[in-house]
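Going down the list, the sequences are from chains E and B.
Using full-length UniProt numbering, the first residue of the first sequence is number 1, and each one after it goes up by one.
Using full-length UniProt numbering, the first residue of the second sequence is number 1, and each one after it goes up by one.
Where a beta carbon is used, it is the ideal one built from N, C-alpha and C, also for glycine.
There are 2 protein chains.
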Amino acid sequence: MKKILVVGGVAGGATTVARLRRLDEEAQIILFERDPYVSFANCGLPYYIGGSITERSKLLLQTPESFKARFNLDVRVNSKVVAIDTKKQEVSVEESDGKHYTESYTHLVLSPGAKPFVPPIKGIDLPRILSLRNVPDTDKIKEMVDLQSTKDVVVIGGGFIGVEMAENLVEIGLNTHLVEAAPHILAPFDSEIATMIEGELSKHGVNLMLGKKAIEFSEEGNQVVIHFETGETLKADLIVLAIGVQPDTQFIANSGINLDERGRILVDEHLQTNVPNVYALGDAIMVDHRVLGGKAHIPLAGPANRQGRIVANNLHFDKKESFTSVLGTSILKVFDLAAAATGSNERSLQAVGRAYQPIYIHPNSHATYYPGATALTIKMLYDPNTYEVLGAQAIGQNSVDKFIDSVAMAMHFKGTVYDLAEVELTYAPPYSSAKSPLNMAGFVARNIIEGLMPHARFEEALNIDPSKQILLDVRDDAEVAERKLEQSIHIAVNELRHGRENELDKSKEILVYCAVGVRGYIATRYLLSKGFKARNIMGGMKLSGGYGIQ
Amino acid sequence: MKKILVVGGVAGGATTVARLRRLDEEAQIILFERDPYVSFANCGLPYYIGGSITERSKLLLQTPESFKARFNLDVRVNSKVVAIDTKKQEVSVEESDGKHYTESYTHLVLSPGAKPFVPPIKGIDLPRILSLRNVPDTDKIKEMVDLQSTKDVVVIGGGFIGVEMAENLVEIGLNTHLVEAAPHILAPFDSEIATMIEGELSKHGVNLMLGKKAIEFSEEGNQVVIHFETGETLKADLIVLAIGVQPDTQFIANSGINLDERGRILVDEHLQTNVPNVYALGDAIMVDHRVLGGKAHIPLAGPANRQGRIVANNLHFDKKESFTSVLGTSILKVFDLAAAATGSNERSLQAVGRAYQPIYIHPNSHATYYPGATALTIKMLYDPNTYEVLGAQAIGQNSVDKFIDSVAMAMHFKGTVYDLAEVELTYAPPYSSAKSPLNMAGFVARNIIEGLMPHARFEEALNIDPSKQILLDVRDDAEVAERKLEQSIHIAVNELRHGRENELDKSKEILVYCAVGVRGYIATRYLLSKGFKARNIMGGMKLSGGYGIQ
């Protein structure tokens, strides 16, 4: 009879044990969880702190009792696995009261997850500096933020958890500061999109401090003082650390199970470790990256859940089902906006030296003649040689998840921009446009590939050489009156073909821009047909915010 | 120099001329439109009648003047092409004032669209019987419905336009009746899903008359009387005919351009007719069906728009770009719900004798612990031999478009249920679940394929043979008290494994059901492990409405 031990009872571990029991009624299955709760809603913790989720009990998706009743599982909370003896096939368990015991296994599944990274900075262990991983952490933070005396809260780290925390702290009326050491928050997004997310945070009252590195914490009365590398300081009643996560794998260190240099568990495509009958999954493992190749650490709930099913299948059937690779598809709510991404961004493609071409579009969420349409900004990257889609980022009020999901599905098949141009998606006026945002992204990429749209990046519009270039604004008078780029001249697109092209110097290159890129494209086509050298500024003025132009 | 004539100026024709001009500044391009308006929002017409779209001007996306100003196009409205001479390469045009002239061409593009089908029934031409194709039709219907005296309106035909009209008539407070000759409305949906749409219509006050065929219309005072085949009658102040559409191609009949027996234009994959330099697109052509093979008539805006681009490219570059095939992806709003479909449904697969397996799931639009999650009902069909996804239908308040779009994208690549199980979509609590509805659909299909879930259709639960079968309800007491199936016995899933399995007769087959199918699956797995013969009723009690069980 199988005796299966599973270490870690959140997303991956909980999925694994439920699936294992459905496959095998007879196996002995024991789930160890170091914390007091299993299968809790870890992605919901910030929203409980912020009050969107009002009942704490909703965070607890399963309990040891419910697991016992439905699946006859032996779930042991407050039980920390401290060591593994892979030769004897047993683990050492430490209970919260200090008692130790060992438990043998025929099969072992490691799903220990990741814990918040806590940098070795002076003062980091002050009691008002907390981090968020589990339900007890949540209770502690909630207790602090609910105090009358808590007014200023600083979140350190602008990743997903940091941004979600900042939003939720604003929701409950606190003065919220978000500190990020890098120039922009949210590494999965390139700076043009990250800037828009930052704008939404600022608009809702988050005090953003970008490019600020904390190097020390000290106490002053009932407050903590953050000391930045720049010499600046900031006082807070509470600090939430959200700098990142690291695998919680110290107990594996001397077991013979291979970890990488950062403590992450190495598995093959079947999620098996180097030790027979030992599997691993979730936030503690390395996986293959679908676009970049090589290994990646993607601590997300979706992959962990799917991995749980694969581990259970492979363990039970002894079959070799594969976890293919990850795209890193992710989304977050930022007040009234959603921002989502899949695949690689420009920065990560540059880092590995992979060729790419970006495009930008600003479609509407649905037909503009039907009420309620809202604008999206989309950046997509494709391979200029194979035309394969390499990644996409989107931000807007609506349809962001829909767009990125469809792109992720296309990328699952290593689809090209031609596939996006061809795909037949749902359309009715309340939901989309007859040419969907995916079609539009495909069309724009095809126009570039087929040489129909010579293009320029927005940066080029800010750095023209007036001796050789003309910056041409083809928008309408009212738009130009509101805001325009320096050194630009203005001829509305419809006026160009009524003789005004003659105002342009044919010996110079014309960089054309409009609001989103569509009229710029039409004007560019016209100018090219008349023998001008012209390029269209992709993305148009809607990208200007990312370059400090408001 | 090219001289390109385009017949028909709505979705397909308007896209074609705009693209053609962007490709070729020099060509002479003339667009003929029989009606007074081009490039109008045909999908928006019902919503203008219903008042969601308040400004009539919003329906007019382009005008002859705007096309002239931006694209230097010669747009001729009220100009009906009445004949084509493909030998002389010229068309005959009839203007609304009765004047005739001919216009020669080097290239001809046919985008005449489809017109409402008007059956040859006695009284069909009574003035209170209208149909909806264009802006003048819309003006006429709107004028009628705005009359104080208009109280009862009958829509005949439960297709997309008929259902959208019915919803919009209710929105403006009219007594609305929807008549459909078939047993259910909306042919793209199978009866389980169509029933849910019908439920939403009834709930909002639409008087649904299914399986009723009108055979005559007569006048009585200021009303029309509809006479049904059954002998019943119904009086109305206004009748809107929405029985279906037919290609508006009479003018092509003797031109040598091939039409099928129903007047639809035959084109090759490059959208070229049998006559050189003559292209066709939009609601008047036949296309290849991606799932069923063979030809299909799919009068939808999305394909027409994409075809316009292809026609322009092929015409201009003389290249052979293909319009691949259609899935028939569609969506409609029905009051608070959206209903969408892609690919083939069960009925159409049966009609061609193609093997298929359906699955049903009822996932939530996002994590249930985050506020605002709503339920979806999804039916998916796949090939039991190749596992290819053949079609999907979904209904719910939210995320219906997102789900169907991703399935359509998978079907574009001829993806299998394994692809759905593997794909990595966006997840955060406000947007989805860690196991997305697509993943869940893939998981359920895999459980069937891999023999883990012996399954039954809901119909089987209604027709058990008590001498050989037991119908087992594994829901909780409260659910059973509310509503249960006849002949069922009740043992909650969690009680099964605490000895109560012994109450079941092992010589009989157990058909297990719960609310949605999940607990039924768990109970089925348990019973199988204990040596019972058991099958899970797919879709559970949530499908019961489709079988008359409320």
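| Asked | Found |
| --- | --- |
| At the 8 angstroms Cβ level, is I49/E part of the contact set with chain C, yes or no? | Protein chains in the displayed structure are E and B, and chain C is not among them. |
| Taking Cβ positions only, does T329/E come closer than 8 angstroms to chain B? | yes |
| Apart from the five residues just before and just after G351/E, which ones in its own chain have a Cβ nearer than 8 angstroms to its Cβ? | It is Ala, not Gly, that sits at residue 351/E in the sequence shown. So the list is empty, once near-sequence residues are dropped. |
| Please give the ranges of any beta strand (DSSP E) in the segment 469-541 of chain E, keeping only runs that are unbroken, at least 3 residues long and fully inside the region. | 469-473, 488-490, 509-513, 533-537 |
| Take G8/E and list the residues in its own chain whose beta-carbon comes closer than 6 angstroms to its own, dropping the five residues that flank it on each side. | S111, P112, G113 |
| Can you tell me which of G13/B, L174/B, L496/B puts its alpha carbon nearest to the alpha carbon of I285/B? | G13/B |
| Please go through the segment 63-128 of chain B and give each complete alpha helix (DSSP H) segment of 4 or more residues, from N-terminal end onward. | 64-71 |
| Taking the Cβ atom as the reference point for each residue, do L178/E and V155/E lie within a distance shorter than 8 angstroms? | yes |
| Relative to the C-alpha of K542/E, which candidate in G205/E, I193/E, V240/E, I257/E has its C-alpha closest? | I193/E |
| Who are T342/E's beta bridge partners in DSSP? | A392/E |
| I want to see whether chain E comes within less than 8 angstroms of G9/B, judged by CB atoms only; does it? | no |
| Name the chain E residues that come within less than 7 angstroms of M409/B, Cβ to Cβ? | S406, M409, A410, V423 |
| I need the boundaries of the alpha helix (DSSP H) containing K402/B, first residue and last residue. | 400-412 |
| Measuring straight from C-alpha to C-alpha, what distance separates T54/B and K142/B? | 12 angstroms |
| Considering only residues of the same chain and omitting the five flanking positions on each side of H316/E, which have a CB-CB separation below 7 angstroms? | L20, L23, D24 |
| Return helix, strand or coil for H316/B, following the three-state DSSP convention. | helix |
| Run through chain B and tell me which residues come within less than 9 angstroms of L59/E, C-beta to C-beta. | Y369 |
| Given that a residue counts as buried once 16 or more other Cβ atoms are within 10 Å of its Cβ, and exposed if not, what is I257/B? | buried |
| Can the beta-carbon of G302/E be found less than 8 angstroms from the beta-carbon of A434/B? | yes |
| Report the neighbours of A338/E on chain B: residues whose CB is nearer than 9 angstroms to its CB, in chain order. | T426, A428, P430, Y431 |
| The beta strand (DSSP E) that contains L31/B, what's its start and end? | 28-32 |
| Does the count of Cβ pairs from the segment 381-395 of chain E and the segment 182-197 of chain E closer than 8 angstroms reach three? | yes |
| Just verifying my parser: in three-state terms, what is the DSSP assignment at S57/E? | helix |
| Starting from the beta carbon of E269/E, find every residue of chain B whose beta carbon is closer than 9 angstroms, and list them in chain order. | Under the 9 angstroms cutoff, chain B gives no residues; its nearest Cβ is about 12 angstroms from E269/E. |
| Comparing C-alpha positions only, which one of G308/B, A445/B, P363/B, K484/B sits nearest to N439/E? | G308/B |
| Is it true that the CB of V516/E sits closer than 8 angstroms to the CB of H362/E? | yes |
| Taking Cβ to Cβ, would you say P384/E is nearer than 8 angstroms to A410/E? | no |
| Check the Cβ of D473/E against every Cβ in chain B and list those closer than 7 angstroms, keeping chain order. | Going along chain B, no residue has its Cβ under 7 angstroms from D473/E, so there is no contact; the nearest lies around 16 angstroms. |
| Express the C-alpha separation of G162/E and D318/E in angstroms, rounding to a whole number. | 40 angstroms |
| Under 8 angstroms between C-beta atoms, does F443/B make it to chain E? | yes |
| Distance, Cα to Cα, L45/E vs V135/E? | 7 angstroms |
| With DSSP as the reference, label N175/B as helix, strand or coil. | strand |
| Output, in chain order, the set of chain E residues within a Cβ distance shorter than 7 angstroms of K435/B. | N305 |
| Give the residues of chain E in contact with V326/B, contact being defined as C-beta atoms less than 8 angstroms apart. | E424 |
| Which residue marks the beginning of the alpha helix (DSSP H) containing D146/B, and which one marks its end? | Note, D146/B: premise wrong, no alpha helix (DSSP H); not H, not E. |
| Given a cut-off of 8 angstroms, decide if V400/B and R446/B are closer than it, judged by their beta-carbon atoms. | no |
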